[in-house]
Structures are given as structure tokens and as C-alpha cells.
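First the structure, in the form of C-alpha cells, and then the observations on it.
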Amino acid sequence: MTPFEFLLPYSLDEALSLLDPEDPNVRPVGGGTAVMLMMKAGVLRPTRLVSLQRIGDQHARIARQADGSLRIGGMARLADIEAHPAVREGWPMLAHALRGVANPRVRAVATIGGNLSHADPHMDMPPVMAALDATVVISGPQGVREVPAATLCTGYYETVVRRDELITELRVPPQAGPGAYLKLTTRAAHDWPALGLAVVLGLQGERVTHARIFTGAATDCPTPLRNAQTILEQRGLSAPVLREAAEAAVAEAPLVADSHGSAAYKRQLLRVALPRAVQIALNRNRSHA
1 MTPFEFLLPY SLDEALSLLD PEDPNVRPVG GGTAVMLMMK AGVLRPTRLV
51 SLQRIGDQHA RIARQADGSL RIGGMARLAD IEAHPAVREG WPMLAHALRG
101 VANPRVRAVA TIGGNLSHAD PHMDMPPVMA ALDATVVISG PQGVREVPAA
151 TLCTGYYETV VRRDELITEL RVPPQAGPGA YLKLTTRAAH DWPALGLAVV
201 LGLQGERVTH ARIFTGAATD CPTPLRNAQT ILEQRGLSAP VLREAAEAAV
251 AEAPLVADSH GSAAYKRQLL RVALPRAVQI ALNRNRSHA
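Position 115 of the sequence shown, counting from 1, maps to 115 under the UniProt record's numbering, and the rest follow consecutively.
The structure is reproduced here in C-alpha cells:
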């Protein structure tokens with residue numbers, strides 16, 4: 001292994017000062033799960049790793065705000081988010097989705113900021129946060145900026161986060177209605193998904209006032225299925241409409257083949273997954289009514 005620096009700053013400002021906007025081999029480390037896998041695979045040979053473990057507990061806080069929104073520090077561990085009472089009560093879709101991420105050992109150390117920054121298209125949190133209409137807070141030497149979670153990822157392992165910036169917070173509005181994240185894997189349930197589908201529905205009686213549907217894993221980055229959303233908003237939730245929405249999703253989604261399946265296979269998964277995810281969301285909504 002090539003020697004590298006491992007630095008342990010004690011503040012966010014210090015951590016940011018140690019990053020290099022020009023050097024892709026200088027990396028921040030949150031939980032370290034993705035970085036270690038990349039190093040073992042030989043795709044990352046860092047010259048410097050900047051640990052974020054000591055930058056302050058305030059960056060790992062999870063709290064419901066007075067306006068009903070949820071704030072999650074970028075250093076919050078996935079297991080802590082899933083177990084938090086406010087998340088389980090107000091954002092059940094998020095809590096449920098987190099239970100299927102990797103395994104308990106990974107969730108105990110992986111951070112939400114690192115998870116989103118890594119932008120592996122097979123990860124579960126990017127489409128979930130996009131469907132929940134979350135906002136990502138990014139800090140850097142030029143100050144703080146906010147971007148919608150839906151536009152955070154720009155391509156395969158690519159985001160709008162610059163090399164000298166860090167995701168420091170997520171702001172999640174109140175869950176607008178029933179939601180579900182459906183993760184379809186080719187092997188064990190905790191494995192990388194061949195297709196991930198996140199659905200959030202705004203309901204007024206039997207009418208869909210708005211829908212947010214994002215696919216992941218089968219696309220290079222979380223992708224909104226706008227035609228399917230429009231069909232649900234205009235025509236409701238009957239079985240024929242759900243099938244029509246699924247066909248629209250298959251037609252519009254830029255599905256890609258990988259080791260988890262061909263594009264044709266993933267089209268069939270999406271065709272099955274959309275009606276199923278909507279039904280799961282509705283069933284959960286009835287069980288809590």
C-alpha cells in the first residue's frame with residue numbers, strides 16, 4: 001500500500017482547510033466504509049485522508065425542528081437515524097429504508113453525508129432522500145450552499161459536491177404522505193439492489209394531489225419518473241392506472257445494464273415494482289390511520 005497522510009482535524013473549518021480542490025487523491029473520511037472498499041479494490045490510492053470523526057458532535061445531531069422538518073447532521077450514522085424516535089414517527093419511509101442498507105456493522109459506522117457524497121448509483125439513500133424532497137447543505141471555503149437531494153447526483157459516482165466541500169446537513173420536510181422504498185436484489189435482501197424505487201404520495205381522500213417517484217440502481221443516478229407521476233396525479237390509483245403508470249416509467253427511465261442484470265431485466269423489475277411500491281405505501285397509510 002502506498003503511504004499516505006491520515007489527518008484528524010478538530011473542527012469543520014480545519015477539515016475543510018485540509019482538503020484539496022485539485023487533488024482527487026485527497027479524500028474526507030466519515031465512517032470510512034466506502035473509502036476502505038475502494039482502497040482494497042485498488043481504485044483509490046490516497047495521498048491524504050482527512051478524518052471527520054472529531055469535528056464536533058453538533059455535526060451528528062438528529063432533531064425535529066419547530067417547523068416540523070427534520071435536520072440530520074452530515075456525520076449522523078445510519079443506524080442512529082433509523083433508531084431515532086422522531087424519524088420513526090414522522091418519516092417512517094426513511095426509517096424502513098435504512099433497515100435494508102448493507103448490514104448492521106456498516107450502518108453502525110457509515111454516515112449519511114458520506115453515503116450521499118459517494119454517489120454509488122446502487123445506494124439506497126439517494127433516491128429515498130430525493131423522493132422525500134430533502135435539501136442537502138454543503139459547506140466549503142466559499143461558504144454554505146443548499147441543493148435539492150434530487151439534483152445532488154449528476155452521474156455515475158458524481159455529485160455537485162466539490163473536492164474542497166463537505167455535506168454537513170440534510171433538511172427533510174414533513175413526509176408529505178404515504179411512502180415506500182422498494183429494493184429488489186438478485187441475492188440477499190441486504191445486497192446492492194438491481195432496482196430501487198422510492199415513492200411518496202400526497203393524498204386528499206382517494207385523489208393523488210402530487211407524487212414523487214424516483215428510481216435508483218438501474219440508472220446512473222436517482223431519476224424522477226415524471227410521466228408516471230403525472231398519470232397518478234391525473235387519473236388516480238386504480239389497478240389499470242397503476243399498470244399504465246408502470247409502462248410509462250419503463251418507457252422514460254434510462255435503465256442501464258450491470259452485473260445485477262440486463263436493461264431488459266430491469267425494465268421488467270420496474271414494471272412490477274411501481275404498482276407494488278404504491279400499494280405498500282397505501283397499506284402502510286391505512287395501518288396508521
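Glycine is no exception: its CB is placed at the ideal position from the N, C-alpha and C atoms.
I'd like the span of the beta strand (DSSP E) that includes residue i, first residue to last.
{"i": "isoleucine 72", "result": "70-73"}
{"i": "valine 29", "result": "26-29"}
{"i": "glutamine 204", "result": "193-204"}
{"i": "glutamate 5", "result": "5-7"}
{"i": "leucine 182", "result": "179-185"}
Using the Cα positions of residue i and residue j, report the straight-line distance between them to the nearest angstrom.
{"i": "glutamine 279", "j": "leucine 201", "result": "11 angstroms"}
{"i": "lysine 135", "j": "proline 127", "result": "This sequence places threonine at residue 135; lysine is not what is there. The alpha-carbon atoms of threonine 135 and proline 127 are separated by roughly 13 angstroms."}
{"i": "isoleucine 138", "j": "isoleucine 167", "result": "4 angstroms"}
{"i": "glutamine 58", "j": "arginine 99", "result": "24 angstroms"}
{"i": "proline 224", "j": "alanine 102", "result": "24 angstroms"}
{"i": "proline 141", "j": "leucine 269", "result": "43 angstroms"}
{"i": "glycine 68", "j": "proline 3", "result": "47 angstroms"}
{"i": "histidine 210", "j": "leucine 18", "result": "43 angstroms"}
{"i": "leucine 274", "j": "leucine 170", "result": "27 angstroms"}
{"i": "methionine 75", "j": "valine 109", "result": "10 angstroms"}
{"i": "threonine 230", "j": "leucine 203", "result": "14 angstroms"}
{"i": "lysine 266", "j": "alanine 257", "result": "8 angstroms"}
{"i": "arginine 276", "j": "alanine 245", "result": "12 angstroms"}
{"i": "leucine 52", "j": "glutamate 14", "result": "10 angstroms"}
{"i": "arginine 54", "j": "glycine 31", "result": "12 angstroms"}
{"i": "proline 254", "j": "aspartate 20", "result": "34 angstroms"}
{"i": "isoleucine 213", "j": "glycine 179", "result": "10 angstroms"}
{"i": "isoleucine 81", "j": "valine 272", "result": "30 angstroms"}
{"i": "alanine 41", "j": "aspartate 220", "result": "21 angstroms"}
{"i": "proline 121", "j": "glutamate 158", "result": "9 angstroms"}
{"i": "cysteine 153", "j": "proline 222", "result": "7 angstroms"}
{"i": "alanine 150", "j": "glycine 113", "result": "15 angstroms"}
{"i": "alanine 97", "j": "arginine 88", "result": "11 angstroms"}
{"i": "asparagine 115", "j": "glutamine 65", "result": "23 angstroms"}
{"i": "valine 250", "j": "threonine 215", "result": "11 angstroms"}
{"i": "leucine 242", "j": "leucine 184", "result": "19 angstroms"}
{"i": "valine 29", "j": "glutamate 252", "result": "36 angstroms"}
For the candidate residues the options, whose alpha-carbon lies nearest to that of residue i?
{"i": "valine 199", "options": "Ala134, Leu182 and Pro193", "result": "Leu182"}
{"i": "glutamine 234", "options": "Val256, Asp220, Glu206 and Leu255", "result": "Glu206"}
{"i": "glutamine 119", "options": "Tyr156, Pro21, Gln142 and Ala281", "result": "It is alanine, not glutamine, that sits at residue 119 in the sequence shown. That would be Tyr156, whose Cα lies nearest to the Cα of alanine 119."}
{"i": "leucine 282", "options": "Thr185, Leu116, Gly236 and Ala218", "result": "Gly236"}
{"i": "arginine 226", "options": "Ala131, Arg61 and Arg162", "result": "Ala131"}
{"i": "proline 173", "options": "Asp164, Phe6 and Gly90", "result": "Gly90"}
{"i": "alanine 86", "options": "Met75, Val109, Ala245 and Arg61", "result": "Arg61"}
{"i": "arginine 48", "options": "Gly42, Gly73, Phe6 and Gly56", "result": "Phe6"}
{"i": "proline 104", "options": "Asp13, Val29, Met38 and Ala83", "result": "Ala83"}
{"i": "alanine 264", "options": "Ala218, Val241, Leu232 and Glu158", "result": "Ala218"}
{"i": "valine 260", "options": "Gly196, Val161 and Glu158", "result": "Note on residue identity: the sequence assigns histidine, not valine, to residue 260. Selected option, being the one with the closest Cα: Gly196."}
{"i": "aspartate 23", "options": "Thr215, Glu165 and Glu247", "result": "Glu165"}
{"i": "arginine 286", "options": "Arg162, Gly177 and Leu37", "result": "Gly177"}
Hey, could you find the ends of the alpha helix (DSSP H) residue i is sitting in?
{"i": "tyrosine 265", "result": "263-287"}
{"i": "proline 46", "result": "Where proline 46 is concerned, there is no enclosing alpha helix (DSSP H), given that its DSSP letter is neither H nor E."}
{"i": "arginine 64", "result": "Where arginine 64 is concerned, there is no enclosing alpha helix (DSSP H), although the beta strand (DSSP E) it sits in stretches over 62-64."}
{"i": "leucine 12", "result": "12-18"}
{"i": "residue 293", "result": "Given a span of 1 to 289 for the chain in the structure shown, any question on residue 293 remains unanswerable."}
Tell me the DSSP secondary structure of residue i in three-state form.
{"i": "aspartate 80", "result": "helix"}
{"i": "histidine 210", "result": "strand"}
{"i": "methionine 35", "result": "It should be pointed out that residue 35 corresponds to valine in this sequence rather than to methionine. Residue state, collapsed to three classes: helix."}
{"i": "glutamate 169", "result": "strand"}
{"i": "proline 174", "result": "coil"}
{"i": "aspartate 57", "result": "helix"}
{"i": "alanine 230", "result": "Here the sequence assigns threonine to residue 230, which means alanine is not the residue at that position. Reduced to three states, the DSSP call for threonine 230 is helix."}
| Unbroken alpha helix (DSSP H) runs of length 4 or more, entirely within the segment 82-166: which are they? | 85-90, 92-98, 104-107, 112-118 and 125-131
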